[in-house]
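J.:
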Amino acid sequence: SFKFGRLTEAEQVAAGWPAWLSAVAGEAIEGWLPLRSEQYERLEKIGQGTYSDVYRARDLKTGRIVAVKKVKFDSFKPDSVRFMAREILILRKLDHPNVMKLEGIITSRLSSHIYLVFEYMEHDLAGLLSSPDVRFTDSQIKCYMLQLLSGLKHCHSKGILHRDIKTSNILLNNDGILKIADFGLANFTRMKNRQQQPLTSRVVTLWYRPPELLLGSTSYGKGVDLWSVGCVFAELFFGKPLLKGRTEVVEQLHKIFKLCGSPSDEYWARSKLPLSNMFRPQQSYESTLRNRCSQLPKTALSLLETFFSIEPHRRGTASSALNSMYFNTKPYACDPSSFPKYPPNKEMDAKFRE
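For the sequence shown, my numbering begins at 347 and goes up steadily by one.
#1: Sorted by chain position, which residues of the same chain lie with C-beta nearer than 8 Å to Asp681's C-beta, five sequence neighbours on each side aside?
#2: Does the beta-carbon of Lys687 have 16 or more other beta-carbons within 10 angstroms, so that it is buried, or is it exposed?
#3: Evaluate Asn444 with the Cβ neighbour count: other Cβ atoms within 10 Å of its Cβ, from every protein chain shown; 16 or more gives buried, anything less gives exposed.
#4: Are the beta-carbon atoms of Gly497 and Phe534 separated by less than 9 Å?
#5: Suppose you measure from the CA of Phe654 to the CA of Lys423; what does that come to, to the nearest Å?
#6: What first and last residue would you give for the beta strand (DSSP E) that runs through Gln394?
#7: Leaving out five residues before and five after Val414 in sequence, what residues of the same chain have Cβ atoms less than 6 Å from its Cβ?
#8: If you check the beta carbons only, do Leu707 and Leu495 fall under 9 Å apart?
#9: Which residues in the same chain as Leu728 place their Cβ atom closer than 6 Å to its Cβ, once the five residues preceding and following it in sequence are excluded?
#10: Helix, strand or coil for Lys525 per DSSP?
#11: Taking the continuous alpha helix (DSSP H) assigned at Gly450, which residues delimit it?
#12: In whole angstroms, what is the alpha-carbon distance linking Asp470 and Asn519?
#13: Going by C-alpha distance, which of His459, Asp425, Lys407, Leu559 is nearest Lys416?
#14: Could you check how far apart the C-beta atoms of Gly362 and Arg455 are, in whole angstroms? I think they sit under 8 Å.
#15: Which two residues bound the contiguous beta strand (DSSP E) that contains Val463?
#16: Kindly indicate the opening and closing residues of the alpha helix (DSSP H) around Leu649.
#17: What whole-angstrom Cβ distance do Glu657 and Leu635 have, given they're in contact under 8 Å?
#18: Among the residues of its own chain, which have a CB less than 6 Å from the CB of Tyr397, if the five just before and after it don't count?
#19: Shortest alpha-carbon distance to Thr546 belongs to which of Asp510, Asp528, Ser514, Pro364?
#20: Using the three-state DSSP reduction, which class does Lys416 fall into: helix, strand or coil?
#21: Nearest to Tyr678 by alpha carbon, out of Ala615, Asp425, Ser485?
#22: Might you give, ordered along the chain, the residues of its own chain that have their beta carbon closer than 6 Å to the beta carbon of Leu647, omitting 5 neighbours on each side?
#23: Report the rounded CA-to-CA distance for Ala472 versus Thr513, giving the unit in angstroms.
#24: Could you give the C-beta distance for His659 and Gly569, rounded to a whole number, given that I count them as a contact under 8 Å?
#25: Of all the options Leu589, Lys391, Arg410, Leu435, which has the alpha carbon lying nearest to the alpha carbon of Lys604?
#26: I need the straight-line Cα distance from Asp399 to His600, nearest angstrom please.
#27: Smallest Cα separation from Tyr554: which of Arg616, Trp573, Leu435, Thr564?
#28: For Asn637, name the three-state secondary structure that DSSP assigns.
#29: Could you say which of Val480, Leu524, Ile392, Glu355 lies nearest to Ala374 if we only look at CA atoms?
#30: Using DSSP with H/G/I as helix, E/B as strand and the rest coil, what is Asp695?
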């Protein structure tokens with residue numbers, strides 16, 4: 347995207363940004379010029395969600411295929427724009443081969459829309475896993491996990507929690523490269539010496555949501571993403587989600603405790619989570635994880651147990667996971683370029699079929 351120095355709000359509008367955007371999101375667009383819609387040829391819609399439509403498009407200057415995400419607004423209320431501005435600000439702070447890169451923003455001074463331009467990725471992981479013809483080998487799973495954890499390590503090093511890691515937010519291209527996508531729920535971790543507002547516990551898709559969020563925690567950290575990574579890890583082996591609850595909280599917690607074992611009395615006393623009295627199970631469970639996952643390689647099972655620790659601090663970090671025995675034992679991760687080129691999904695991406 348075209349870049350230039352720090353401008354006032356009026357100068358941003360003169361440079362082509364809509365006033366409603368520069369008034370609220372000046373920091374998010376600082377140093378960038380808007381891209382022009384005439385530069386892109388819209389090809390076809392490849393997905394739609396609650397807050398956006400996604401199109402495949404061609405950059406007419408370069409001939410490159412890109413993905414263009416049209417952001418939907420309920421209104422131009424400052425809060426609505428601020429929410430979108432946070433996503434842009436977060437995307438601009440990230441620069442890693444395993445994280446989707448925001449290439450620019452299409453809009454104009456009189457426009458009531460904005461379009462985010464990203465590189466184009468042929469698949470999402472949920473779409474591939476839903477295909478009966480696709481089953482990954484141990485070294486392929488290791489390759490994808492290596493990339494996922496490398497991307498997440500970068501996010502966390504920049505002080506960013508993704509808060510919605512799931513297979514449909516993990517994009518893949520025909521070169522075997524994996525990228526973490528969709529930072530719509532992402533937020534900054536606690537800053538030192540800064541008063542932090544309580545975080546919302548209503549994040550992370552249910553099947554990938556850790557117990558502390560189900561129990562209403564508003565003060566959490568990187569562990570929420572690592573639990574979700576554990577869910578993705580298991581899904582790569584089994585081809586389907588391991589913790590597939592149908593309803594909020596009660597059933598999901600029940601599934602988690604039946605798999606991972608009930609927390610200790612000390613955990614309940616210490617954690618003081620808002621909903622723990624309401625949802626503390628009457629009976630206690632022993633962990634069944636080793637039995638359920640007995641066909642996994644030993645080092646994979648050990649790493650999965652770490653990710654599925656009920657206590658967030660025991661999940662380690664993306665960095666410690668990358669240094670685990672799992673990645674240092676045979677079969678080693680395959681080269682991304684060795685993945686087959688998977689045929690395109692006939693249906694829309696799984697990301698938009700939920």
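Idealized CB from N, CA, C, for every residue including glycine.
T.: Answer, in terms of the structure:
#1: Your numbering for residue 681 matches position 335 in the sequence shown. Once the five neighbours on either side are set aside, the close Cβ partners of Asp681 are Cys489, Gly522.
#2: The sequence position of residue 687 within the sequence shown is 341, counting from 1. When all chains shown are included, Lys687 counts as exposed.
#3: Stepping through the sequence shown from its first residue, residue 444 is reached at position 98. Asn444 comes out buried.
#4: On the sequence shown, residue 497 is found 151 positions in, with the first residue counted as 1. On the sequence shown, residue 534 is found 188 positions in, with the first residue counted as 1. It is not a contact, given that the beta carbons lie outside the stated cut-off.
#5: Counting from one through the sequence shown, the residue named residue 654 turns up at place 308. Counting from one through the sequence shown, the residue named residue 423 turns up at place 77. Each residue's Cα considered, the two are about 40 Å apart.
#6: The sequence position of residue 394 within the sequence shown is 48, counting from 1. Residues 386-394.
#7: Here residue 414 corresponds to residue number 68 of the sequence shown, with the count starting at 1. Answer for Val414: Tyr401, Ala403, Tyr461, Val463, listed in chain order.
#8: The displayed coordinates of the chain run from 347 to 700. Any statement about residue 707 would go beyond what the structure contains.
#9: Nothing about residue 728 can be read from this structure; the chain reaches only from 347 to 700.
#10: Residue 525 sits at position 179 when you count from the first residue of the sequence shown. Here Lys525 sits in strand by DSSP.
#11: In the sequence shown, counting from the first residue as 1, residue 450 sits at position 104. It is not in any alpha helix (DSSP H) - Gly450 instead sits in the beta strand (DSSP E) that spans 448-452.
#12: Here residue 470 refers to the residue found at position 124 of the sequence shown. Here residue 519 refers to the residue found at position 173 of the sequence shown. Whole-angstrom Cα-Cα distance: 8 Å.
#13: Start at 1 with the first residue of the sequence shown, and residue 416 comes out as number 70. Comparing Cα positions, the closest option is His459.
#14: Here residue 362 refers to the residue found at position 16 when the sequence shown is read from its first residue. Here residue 455 refers to the residue found at position 109 when the sequence shown is read from its first residue. Confirmed, Cβ separation roughly 5 Å.
#15: In the sequence shown, residue 463 corresponds to position 117, counting from 1. It spans 460-465 - the beta strand (DSSP E) in which Val463 sits, taken as one unbroken run.
#16: What you label residue 649 is simply residue 303 of the sequence shown in a count that begins at 1. Unbroken alpha helix (DSSP H) run through Leu649: 644-653.
#17: As a working note, residue 657 is residue 311 in the sequence shown. As a working note, residue 635 is residue 289 in the sequence shown. Rounded, the Cβ-Cβ distance is 15 Å, inconsistent with contact.
#18: Here residue 397 refers to the residue found at position 51 when the sequence shown is read from its first residue. Closer than 6 Å at Cβ, skipping near neighbours: Lys418.
#19: If you number the sequence shown from 1, residue 546 lands on position 200. It is Asp510 whose Cα lies nearest to the Cα of Thr546.
#20: Your numbering for residue 416 matches position 70 in the sequence shown. Correct three-state label for Lys416: strand.
#21: Translated into positions along the sequence shown, residue 678 becomes position 332. Selected option, being the one with the closest Cα: Ser485.
#22: Counting from 1 along the sequence shown, the entry for residue 647 is found at position 301. The residues are Cys639.
#23: Here the question's residue 472 lines up with position 126 in the sequence shown. Here the question's residue 513 lines up with position 167 in the sequence shown. If I take the Cα positions, the gap works out to 5 Å.
#24: Taking the first residue of the sequence shown as 1, we reach residue 659 at position 313. Taking the first residue of the sequence shown as 1, we reach residue 569 at position 223. The Cβ separation is near 7 Å, so the contact holds.
#25: Walking along the sequence shown from the start, residue 604 turns up at place 258. It is Leu589.
#26: If you number the sequence shown from 1, residue 399 lands on position 53. If you number the sequence shown from 1, residue 600 lands on position 254. Straight-line Cα distance between these residues: approximately 35 Å.
#27: Position 208 of the sequence shown holds residue 554. Of Arg616, Trp573, Leu435, Thr564, the residue nearest in Cα terms is Trp573.
#28: Indexing the sequence shown from 1 puts residue 637 at position 291. It is helical.
#29: On the sequence shown, residue 374 is found 28 positions in, with the first residue counted as 1. Of the candidates Val480, Leu524, Ile392, Glu355, the one whose C-alpha sits nearest the C-alpha of Ala374 is Glu355.
#30: Residue mapping note: residue 695 aligns to position 349 of the sequence shown, counting from 1. Bear in mind that a pLDDT of 47 at Asp695, under 50, signals an unreliable position, so the number given afterwards is only what the model happens to contain. Three-state result, Asp695: coil.
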